[in-house]
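This report refers to the structure that appears directly beneath it.
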Amino acid sequence: MSQEQVLQLTGERYINLEKKGAKISFVLSQITQADWTEAFRQMRMEVERQGQDEIHRNDYEAASLALFEKKLQRVEGYKAKGGGSLMDFPNWKALIPLPDKSAAATLLHSVGAVRLEDDEIDPAGTSIALEAFWGTKEGEMLKFSGLTHRFNPPDLKQYQRFKRAVSESRVVGGSRTGKTIFAGRHALLAELYDELVIAVSGYSFGAQASEGECADVELIKAQMDAIHKVVAARELLTGDAAAA
Amino acid sequence: MIDPSKDIAGLQQAALEYLEDALSAPDRARQERIAAESKNGERVLRNIAAKRTLSHGYYVRVEYLLWLLSMIELGLVAFLQILAAEAEGMQAVTLARNQFQDEHPCCPGCGARNEAIAPRCGSCKRELAMKGAA
């Protein structure tokens, strides 16, 4: 990532796909914390025992798809039969092929933590590095790999809240044969992120874009993409940073 | 719908199985390496799979209760707020841990856990006093 390529968090969000040589762009309005919170409520994981096998299922995709459809404002690149644009039809959202919607919805949370080689403890805060795919107006999906989040260390109570949430589950159909259902921990992780974040770099917040590191915590809490919050907080609490 | 945090008897059983799993983990890892190179590896893997009889959520809860116990043992309890279900769960896990420690005493030489009836330590090969022996 060059220095001027920072991830623009505010404004419309583009998700760009290439299908049989044609470029498809989905344009979404900014996904707010409230939108993500609603999606997080739908996300859960199930683990079922069948004999000696353990089967894992999750509802993340359906929740992401619902969020994607809710925020989708327009689509560019599809051709309708007989000419014209897909957008000319009142049910244009329903006409988009499901595999395309599913691929685009998956890209909403294509962000992951990057292992930092630096083992030294920084008294100014623990840094977590992320990389993410994010669409541009020009029809590309760029990989941003200089996204850094700096945190205060979590205290024991915050760690307990996380551990307690992780240990909560329900068993349906009997303890020996049933499946365990885990509700998503995303909302709690986003909450812990807001409590612990000190600064971020690699992001731009629209008109309030800052050079280098942004230490405006209120701005970060309001504008940071919630999936980035979740992944960074999870890495802080469970990754190498937590073990340090 | 069962909430594992409220099923105290289930938690005690899960804790015992969890500790037994942890004890046999190095041996299982060794057998897994052998299975990877063996022709009937899949069958071998089935035989050495962790012996767990309860739904997955029980073991996740046990991990948390063991963590909570360790925090209390470190004297950090003053910082933590304990719920009734956690206190009861920790009691169940403690009972399971006591039973496990009784069935797998530590070698006085190297500290490794062994079967109570083992004549020698599996790790340092030191001769062990049989439980109940004069």
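Protein chains in written order, with our numbering: chain A, 65 to 308; chain B, 300 to 433. Cβ coordinates follow ideal geometry from the N, Cα and C atoms, glycine included. This structure is a prediction, so every number in the text was calculated from the model and none was measured.
Alpha carbon of residue i to alpha carbon of residue j, nearest angstrom
i                 : j                 : result
Leu194 of chain A : Lys84 of chain A  : 31 Å
His292 of chain A : Leu367 of chain B : 29 Å
Thr74 of chain A  : Glu184 of chain A : 34 Å
Val139 of chain A : Arg105 of chain A : 27 Å
Arg77 of chain A  : Tyr257 of chain A : 22 Å
Ala296 of chain A : Leu220 of chain A : 18 Å
Glu110 of chain A : Ala313 of chain B : 19 Å
Leu379 of chain B : Arg412 of chain B : 31 Å
Thr393 of chain B : Leu315 of chain B : 10 Å
Leu373 of chain B : Ile307 of chain B : 24 Å
Glu414 of chain B : Pro404 of chain B : 7 Å
Asp166 of chain A : Leu81 of chain A  : For the record, residue 166 of chain A in the displayed sequence is Ser; it is not Asp. Roughly 11 Å between the two C-alpha positions.
Met151 of chain A : Leu131 of chain A : 19 Å
Val235 of chain A : Pro187 of chain A : 43 Å
Tyr124 of chain A : Arg249 of chain A : 12 Å
Ala432 of chain B : Ala384 of chain B : Note that Ala432 of chain B scores 49 on pLDDT, short of 50, meaning its location in the model is unreliable; the coordinates nonetheless yield the value given after this. Each residue's Cα considered, the two are about 40 Å apart.
Arg214 of chain A : Glu336 of chain B : 45 Å
Span of the alpha helix (DSSP H), counted from its first residue to its last, around residue i
i                 : result
Ala168 of chain A : Leu162 to Leu171
His403 of chain B : That residue, His403 of chain B, is in no alpha helix (DSSP H); it is neither H nor E in DSSP.
Ile284 of chain A : Val281 to Gln287
Asp99 of chain A  : Gln97 to Gln106
Ile291 of chain A : Ala290 to Thr302
Glu125 of chain A : Tyr124 to Lys135
Limits of the beta strand (DSSP E) - the one that residue i falls within
i                 : result
Tyr78 of chain A  : Arg77 to Lys83
Ala263 of chain A : Val261 to Ser265
Leu5 of chain A   : Given that chain A is displayed from residue 65 to residue 308, the structure contains no residue 5 of chain A and the question cannot be resolved.
Phe197 of chain A : Thr190 to Gly199
Phe153 of chain A : First-last for Phe153 of chain A: undefined, no H or E at that position.
Ala177 of chain A : Val175 to Val178
Leu220 of chain A : Careful: Leu220 of chain A lies outside any beta strand (DSSP E), inside the alpha helix (DSSP H) at Leu220 to Val230.
Selection from the options that minimises the alpha carbon distance to residue i
i                 : options                                   : result
Cys409 of chain B : B:Cys420, B:Gln400 and B:Ala308           : B:Cys420
Ser209 of chain A : A:Arg179, A:Leu171 and A:Pro161           : A:Arg179
Val264 of chain A : A:Leu211, A:Thr241, A:Lys201 and A:Leu150 : A:Leu211
Ser239 of chain A : A:Gln114, A:Lys134 and A:Pro217           : A:Gln114
Lys135 of chain A : A:Lys145, A:Glu125, A:Pro163 and A:Leu172 : A:Leu172
Leu129 of chain A : A:Gly148, A:Gly141, A:Ala158 and A:Val281 : A:Ala158
Glu247 of chain A : B:Gly356, B:Val376 and B:Arg425           : Reading the sequence as shown, one finds Ala at residue 247 of chain A and not Glu. Comparing Cα positions, the closest option is B:Gly356.
Ser354 of chain B : A:Asp123, A:Lys285, A:Ile245 and A:Gly303 : A:Ile245
Phe226 of chain A : A:Ala144, A:Ala286, A:Gln94 and A:Val294  : A:Val294
Leu365 of chain B : A:Glu118, A:Arg234, A:Arg108 and A:Arg228 : A:Arg228
Asp302 of chain B : A:Asp123, A:Phe269, A:Glu102 and A:Ser233 : A:Ser233
Trp100 of chain A : A:Thr302, A:Asp280, A:Ala254 and A:Glu299 : A:Ala254
Gln390 of chain B : B:Ala321, B:Asp320, B:Arg351 and B:Val361 : B:Val361
Beta-bridge pairing of residue i - partner residues as DSSP gives them
i                 : result
Val236 of chain A : A:Lys243
Gln114 of chain A : A:Asp117
Ala144 of chain A : DSSP, once it has assigned bridges, lists no residue as partnering Ala144 of chain A.
Leu92 of chain A  : A:Arg77 and A:Leu136
Lys87 of chain A  : A:Glu82
Report the residue ranges of all alpha helix (DSSP H) runs contained in full by the segment 336-386 of chain B; include only those spanning at least 4 residues, in chain order. 340-347 and 355-372
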